[in-house]
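Visitor:
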Amino acid sequence: MDDVTLDDAAVLPVLILTLVVAVFSTVALWRVFTKAGRPGWAAIIPIYNLYVLLKIAGRPGWWLLLFLIPIVDIVVSIVVCLDLARVFGKSGLFGFVGLFVFNIIGLAVLAFGNARYVVSRHDGPQPQLAS
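Sequence positions in the sequence shown follow UniProt numbering and run 1 to 131.
#1: Considering only residues of the same chain and omitting the five flanking positions on each side of I47, which have a CB-CB separation below 8 Å?
#2: Could you check where the alpha helix (DSSP H) with V75 kicks off and where it finishes?
#3: When burial is assigned at 16 or more other CB atoms within 10 Å of the CB, is L19 buried or exposed?
#4: Determine contact between the stretch 96-113 and the stretch 76-84, defined as no fewer than three beta-carbon pairs at a distance below 8 Å.
#5: To the nearest angstrom, report how far apart V11 and V119 are at their CA atoms.
#6: If we count the other Cβ atoms within 10 Å of its Cβ and call it buried at 16 or more, is R116 buried or exposed?
#7: Under three-state DSSP, which class holds I44?
#8: Take the Cβ of residue 165 as the centre, count every other Cβ of all protein chains shown within 10 Å, and call the residue buried at 16 or more, exposed below.
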C-alpha cells in the first residue's frame, strides 16, 4: 500500500505545473479583457470568455457555434487570433505564431506588454449621422 512508484512521484509536479499554467493563462486573459474595456471576471467563465474574446476581436457572437464543428474550429481559431493581434496593434505573424501556436506567450505579451486595444473605424457598427 505504501509503494511509491516513479509514476506516483511524477504526478504532483505535473499537477502543480498544470495549475500554475492555468492560473497564469487566466490572469493574462483577465488583463487582456480589461485592456479591451471588458470585465476581467469574464476570463474565468467557460464559454462566455470565448464569446467575449470574439467580441474583442470584432467577430459576431454566433461564431461561437463554429467552434463546435471539427476542422472549422481550427480555422476560426486562427482567424480570431489574427483579429486579436490586429485590434491590439500587432502583426498577423504575431497573431499566428504568438497567439495561435504559442498562445500562453502571446497572451502574456498582450496582457503585460505595451499593447493597446485599438479598434479601427471600420470595425463594428458605424455611427449614424443625424440628418
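Glycine included, each C-beta is placed from N, C-alpha and C at the ideal position.
Guide: If we stick to the structure as given:
#1: L64
#2: 72-87
#3: exposed
#4: yes
#5: 44 Å
#6: exposed
#7: helix
#8: The chain is shown from 1 up to 131; residue 165 falls before or after that span and cannot be answered.
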